[in-house]
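First the structure, in the form of structure tokens, and then the observations on it.
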Amino acid sequence: MADNVFLQLPHIFKPLQSLNAVIIVICLGSAAATAGNGVVWFVVVSSLIISVFATVLFALKIHDSVLQSLTAGSLPWELLEMIYSFVMAVLCGLSMWLSFGYVGHVQGDDPYGGYVAAGLFLILQSVLYMVPTILIYNKMQVNRRSEYSDPNPYAEGGYQTA
Numbered sequence: 001m002a003d004n005v006f007l008q009l010p011h012i013f014k015p016l017q018s019l020n021a022v023i024i025v026i027c028l029g030s031a032a033a034t035a036g037n038g039v040v041w042f043v044v045v046s047s048l049i050i051s052v053f054a055t056v057l058f059a060l061k062i063h064d065s066v067l068q069s070l071t072a073g074s075l076p077w078e079l080l081e082m083i084y085s086f087v088m089a090v091l092c093g094l095s096m097w098l099s100f101g102y103v104g105h106v107q108g109d110d111p112y113g114g115y116v117a118a119g120l121f122l123i124l125q126s127v128l129y130m131v132p133t134i135l136i137y138n139k140m141q142v143n144r145r146s147e148y149s150d151p152n153p154y155a156e157g158g159y160q161t162a
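The numbers in the UniProt record's numbering rise by one with no breaks, and the one at position 49 of the sequence shown is 49.
Here it is as structure tokens:
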């Protein structure tokens with residue numbers, strides 16, 4: 001059980017992102033179709049595909065070899081994960097705003113509760129993407145600082161602390 005990658009940060013969020021994306025698809029499917037809701041559908045389906053793909057790659061422990069074969073080692077997995085997590089967090093945040101806005105566009109007695117529920121779950125989805133982005137960014141900053149050795153002995157702290 002100690003070698004389970006999904007029990008470590010930030011990888012614990014991958015299955016949660018996939019599960020939440022399925023819930024959002026169900027919520028959107030229960031609402032009446034309105035003009036322009038294809039943007040929200042695109043973001044949610046993209047989120048589902050990306051999350052499931054990343055989860056499967058990590059479950060099979062082939063994420064590094066797949067990325068190595070695609071980029072010839074020029075792009076580390078952590079950087080790719082940070083970029084797609086940030087982009088999806090922003091897109092889910094915008095989709096949340098759109099989803100709440102579509103409630104007013106539903107005609108007559110058509111069901112609109114799916115847009116409200118989807119908006120709430122899109123808030124969660126945005127958080128589920130933003131937290132790994134922040135964790136990976138902080139880890140990359142720590143690694144960058146440890147690789148950099150400044151010849152100035154006072155570089156990390158103030159001159160009064162030496």
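For every residue, glycine included, the Cβ atom is placed at its ideal position computed from N, Cα and C.
{"Item": "Taking contact to mean at least 3 C-beta pairs separated by less than 8 Å, is the region 129-138 in contact with the region 75-90?", "Value": "yes"}
{"Item": "Select from Leu124, Trp77, Ile134 and Leu60 the residue whose C-alpha is nearest the C-alpha of Asp3.", "Value": "Leu60"}
{"Item": "Go to Gly104, then tell me how far its alpha helix (DSSP H) extends in each direction, as first and last residue.", "Value": "No alpha helix (DSSP H) contains Gly104, which DSSP labels as neither H nor E."}
{"Item": "Compare the C-beta of Leu48 with all C-beta atoms of chain D and state if any pair is closer than 7 Å.", "Value": "Checking the listed chains, one finds no chain D in this structure; it contains a single protein chain."}
{"Item": "Quick test of your reading: Pro111 and Ser46, contact by CB under 8 Å. State the CB separation rounded to the nearest angstrom.", "Value": "Contact doesn't hold; Cβ gap of about 24 Å is too wide."}
{"Item": "Compare the C-alpha of Ala54 against each of Gln107, Ala35, Leu75 and Ser18 and name the closest.", "Value": "Ser18"}
{"Item": "Tell me where the alpha helix (DSSP H) around Ala54 begins and ends.", "Value": "Gly38 to Ala59"}
{"Item": "Hey, how far is the Cα of Asn37 from the Cα of Ser51?", "Value": "21 Å"}
{"Item": "How big is the Cα-Cα spacing for Ala35 and Ser95?", "Value": "14 Å"}
{"Item": "Looking at the structure shown, is Pro132 part of a helix, part of a strand, or coil, going by DSSP?", "Value": "helix"}
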